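To start, the structure under review is shown below, and the notes come after it.
Protein chains: 2
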Amino acid sequence: MTRIHFNEVATRDGFQIEPNFIPTDTKVALVDALSACGYAKIEVTSFTSPKAIPMLRDAEEVMGRIQRVPGVEYTVLVPNLRGAERALESKADELNLVMSTSETHNLANLRMPRESSFEALANVIRHVNGTTPINVSLSTCFGCPMEGDVPLAEVLRFADRFADLGVRGLTICDTTGMAHPAQVRAVCEALQARFPALQLTLHFHNTRGMGLANVLAAVQSGITRFDGSLGGLGGCPYAPGASGNISSEDAIHMLDAMGYDTGIDLVRLLAVARELPAIVGHEVPGQVAKAGRIQDLHPAITQ
Amino acid sequence: MTRIHFNEVATRDGFQIEPNFIPTDTKVALVDALSACGYAKIEVTSFTSPKAIPMLRDAEEVMGRIQRVPGVEYTVLVPNLRGAERALESKADELNLVMSTSETHNLANLRMPRESSFEALANVIRHVNGTTPINVSLSTCFGCPMEGDVPLAEVLRFADRFADLGVRGLTICDTTGMAHPAQVRAVCEALQARFPALQLTLHFHNTRGMGLANVLAAVQSGITRFDGSLGGLGGCPYAPGASGNISSEDAIHMLDAMGYDTGIDLVRLLAVARELPAIVGHEVPGQVAKAGRIQDLHPAITQ
């Protein structure tokens, strides 16, 4: 039975676009509840500037108060050297760096050219110097909402440069839900052939309804690591009303039904997912928390 | 380029659970707009009792007023002999009969044992006597929300009996979104091996978020015919708040992006889909109508 590793990103990628501050106690309790579900990894928070993302201004406190469960890795997003120092002080198990493979998207999102981002992240990697594993998330690998196509050669070019710097893993992100299954297959096969020793994680969005189809295409091509966001939390700024991240529990439910070993206690996870609308104050896109698992039957109707 | 045939079911399967009557003029205009998009087939309405489904009480009028576009088949749901007579009078291109492969679901939904349903439908088929093609939609082929597993042997047993009666096609329905991609692959391969001469259509629901992943698994196993509902219209009575039918435009968008020939003018179809919330008076689950196609880019953000 193939083991699939899930990285839960709701408390970072999901929470950061929520308009109303979520109390630190709630964040800590949610991470602790997720830890008990069997995740391989949890992206807890981001060591970004509190001014840039006020929602995550309590990064140190959250990292200090969560209960670390053996076997679960606690990763954090790190935008720069200052963030890396804070992350190391907080004893994060992994630092997750991010830049875009599209020049236009990098300029819009990180306010600098890709080369400047690369140099800044390379400095972080040299500074950390192997003391803590590094993952790099490459945005817009399946297309840029402004430029359109992002050639696979560009994705490979940045992947090569980070691999040369000794990162442990790369996350290949479909940042705005532009990937389709045939493309996913081609990209996953190319990356696995080129980087057999790297941890390759796929990060999909469900913006155009293809999220789980893309997960399927990725596992069919041999990928075993995925990002997911509880409830599908995290929207898409380019598509008001559309979904953002794939729902972790929906993806895990599908792979579990297909016979993959996700390591997750799905009943427990769904109980956590059902608390999410109360935490964020609105409905969330995840379907299985509403519909129940395939196995959750209904009483027979007799007429 | 593989040709995929879509059957649009929104005006029958989608509308029949809407609480507020949709005017006949609106139904006719919607079917005409859909005809112009390039569908292979449209399930226009149902010749059921007006008391059972008041929404579709105007079946004769709708069938009489729509503009028939050459190359588009206009099919109708037929529950019994009286319905078949009405459908033949209306000059439907196909009669679509329905029963469940689960005894409990058939009792709950059609208020009779499966054997009684089979006999009634067999009478319809004998009555029509080859003058009009017959399709049979088999419900709950991937699981019953009350019984749970529906053995493939049961699906094949009913499929065999209808094939022996000379039907042109079978629609294999995942009535409440219980199918997962590995199961879809197994069921599709078994059916295609057994019925190489039948038109096999797959009907998926997105109740647990797996709708498009199941479409992908089906096309990978060689299936080329699908039901879809514009906007994902049509809910699931067992899962309030969850999605129902797969969204036609989302499925067509995915297959189109992958390089399949769906025959559909997607830009035109999305324009029709965007009218749907105003027609039914509520938001609908379809994503691509909100997010736009992969190709629909956004202006670059400069800072």
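Residue numbers (the working numbering), protein chains in the order written: chain A, 1 to 303; chain B, 1001 to 1303. Cβ coordinates follow ideal geometry from the N, Cα and C atoms, glycine included. Being a predicted model, the structure only gives us computed values, none of them experimental.
In terms of alpha-carbon separation, which member of the options lies closest to residue i?
i	options	result
residue 232 (chain A)	A:196, A:177, A:115	A:177
residue 118 (chain A)	A:103, A:181, A:129, A:288	A:103
residue 1018 (chain B)	B:1276, B:1167, B:1212, B:1197	B:1276
residue 14 (chain A)	A:88, A:160, A:248, A:296	A:248
residue 161 (chain A)	A:114, A:294, A:185	A:114
residue 1174 (chain B)	B:1061, B:1059, B:1150, B:1166	B:1150
residue 1078 (chain B)	B:1094, B:1265, B:1193	B:1094
residue 1061 (chain B)	B:1092, B:1298, B:1191	B:1092
residue 219 (chain A)	A:156, A:67, A:258, A:72	A:258
residue 183 (chain A)	A:216, A:108, A:158	A:216
residue 293 (chain A)	A:32, A:185, A:256	A:256
residue 301 (chain A)	B:1002, B:1105, B:1263	B:1105
residue 1027 (chain B)	B:1056, B:1299, B:1154, B:1002	B:1056
residue 1081 (chain B)	B:1065, B:1120, B:1068, B:1006	B:1120
residue 1181 (chain B)	A:190, A:171, A:260, A:157	A:260
residue 1192 (chain B)	B:1067, B:1165, B:1155	B:1155
residue 295 (chain A)	A:266, A:6, A:279, A:280	A:266
residue 2 (chain A)	A:157, A:263, A:280	A:263
Output yes or no for whether 7 Å exceeds the beta carbon distance between residue i and residue j.
i	j	result
residue 1012 (chain B)	residue 1046 (chain B)	yes
residue 137 (chain A)	residue 188 (chain A)	no
residue 1195 (chain B)	residue 1163 (chain B)	yes
residue 312 (chain A)	residue 44 (chain A)	The requested residue 312 (chain A) is not part of the displayed model; chain A covers only 1 to 303.
residue 287 (chain A)	residue 1273 (chain B)	no
residue 1297 (chain B)	residue 148 (chain A)	yes
residue 1042 (chain B)	residue 1008 (chain B)	yes
residue 1210 (chain B)	residue 212 (chain A)	yes
residue 202 (chain A)	residue 10 (chain A)	no
residue 1159 (chain B)	residue 1214 (chain B)	no
residue 1032 (chain B)	residue 1067 (chain B)	yes
residue 125 (chain A)	residue 152 (chain A)	no
Please report how far the alpha carbon of residue i lies from the alpha carbon of residue j, in whole angstroms.
i	j	result
residue 1225 (chain B)	residue 1245 (chain B)	15 Å
residue 169 (chain A)	residue 134 (chain A)	7 Å
residue 1034 (chain B)	residue 1040 (chain B)	10 Å
residue 1020 (chain B)	residue 1283 (chain B)	14 Å
residue 1140 (chain B)	residue 1029 (chain B)	32 Å
residue 352 (chain A)	residue 197 (chain A)	A query on residue 352 (chain A) cannot be resolved here, the shown segment of chain A reaching from 1 to 303 and no further.
residue 1122 (chain B)	residue 1083 (chain B)	14 Å
residue 251 (chain A)	residue 1208 (chain B)	9 Å
residue 1085 (chain B)	residue 1022 (chain B)	25 Å
residue 1145 (chain B)	residue 1004 (chain B)	29 Å
residue 268 (chain A)	residue 205 (chain A)	24 Å
residue 200 (chain A)	residue 1127 (chain B)	60 Å
residue 1130 (chain B)	residue 1076 (chain B)	16 Å
residue 1167 (chain B)	residue 1100 (chain B)	16 Å
residue 1271 (chain B)	residue 1289 (chain B)	8 Å
residue 223 (chain A)	residue 1096 (chain B)	41 Å
residue 1299 (chain B)	residue 108 (chain A)	11 Å
residue 1053 (chain B)	residue 16 (chain A)	46 Å
residue 1227 (chain B)	residue 278 (chain A)	36 Å
residue 58 (chain A)	residue 87 (chain A)	12 Å
residue 1313 (chain B)	residue 1006 (chain B)	The structure shown does not extend to residue 1313 (chain B), since chain B spans only 1001 to 1303, so no value can be given for it.
residue 1110 (chain B)	residue 1051 (chain B)	15 Å
residue 285 (chain A)	residue 1291 (chain B)	15 Å
residue 1112 (chain B)	residue 1171 (chain B)	21 Å
residue 63 (chain A)	residue 1281 (chain B)	46 Å
Task: Inside the stretch 235 to 290 of chain A only - alpha helix (DSSP H) runs reaching at least 4 residues - done: DSSP runs (the alpha helix (DSSP H)) wholly in the stretch 235 to 290 of chain A: 248 to 257, 266 to 273, 276 to 280.
- [ ] Using a Cβ-Cβ cut-off of less than 7 Å, list which residues of the stretch 50 to 61 of chain A approach chain B; keep chain order.
- [x] Listed in sequence order: no entries.
TODO: Could you name the residues of the stretch 249 to 278 of chain A whose beta carbon sits closer than 7 Å to any beta carbon of chain B, in the order they occur along the chain?
DONE: Result list: 250, 253, 254, 257, 258, 259.
Task: Ranges of the alpha helix (DSSP H) found wholly within the stretch 1049 to 1090 of chain B, counting only runs of at least 4 - done: Whole alpha helix (DSSP H) segments, 4+ residues: 1059 to 1065, 1081 to 1089.
Task: Contained beta strand (DSSP E) runs [length at least 3] in the stretch 115 to 143 of chain A, N- to C-terminal order - done: Fully enclosed beta strand (DSSP E) runs of 3 or longer: 134 to 139.
- [ ] Below 7 Å between beta carbons is the criterion; list the residues of the stretch 179 to 197 of chain A that meet it against any residue of chain B, in chain order.
- [x] Legend: CB atoms of the stretch 179 to 197 of chain A lying less than 7 Å from CB atoms of chain B belong to residues 180, 181, 182.
Task: Members of the stretch 1103 to 1135 of chain B that neighbour chain A once the beta carbon cut-off is set at 8 Å - done: Look at the stretch 1103 to 1135 of chain B: the residues with a C-beta under 8 Å from a C-beta of chain A are 1104, 1107, 1108, 1111.
- [ ] Could I get the ranges of all uninterrupted beta strand (DSSP E) runs contained in the stretch 1194 to 1234 of chain B, with 3 residues as the minimum, in chain order?
- [x] List check, beta strand (DSSP E) in window: 1199 to 1203, 1225 to 1228.
Task: Interfacial residues, the stretch 1057 to 1089 of chain B to chain A, with Cβ spacing under 8 Å - done: Within the stretch 1057 to 1089 of chain B, no residue qualifies.
TODO: Using a Cβ-Cβ cut-off of less than 7 Å, list which residues of the stretch 1140 to 1174 of chain B approach chain A; keep chain order.
DONE: Going along the stretch 1140 to 1174 of chain B in chain order, one finds 1143, 1145, 1146, 1148 with a Cβ nearer than 7 Å to chain A.
Open item on the list: Give me the subset of the stretch 18 to 37 of chain A whose CB atoms are less than 9 Å from a CB atom of chain B, sorted by chain position.
Closed with: Listed by position along the chain: nothing, the set is empty.
Open item on the list: Suppose only complete runs of 4+ residues qualify. What are the alpha helix (DSSP H) ranges in the stretch 138 to 189 of chain A, listed by chain order?
Closed with: Uninterrupted alpha helix (DSSP H) stretches at least 4 residues long and entirely within the stretch 138 to 189 of chain A occur at 152 to 164, given in chain order.
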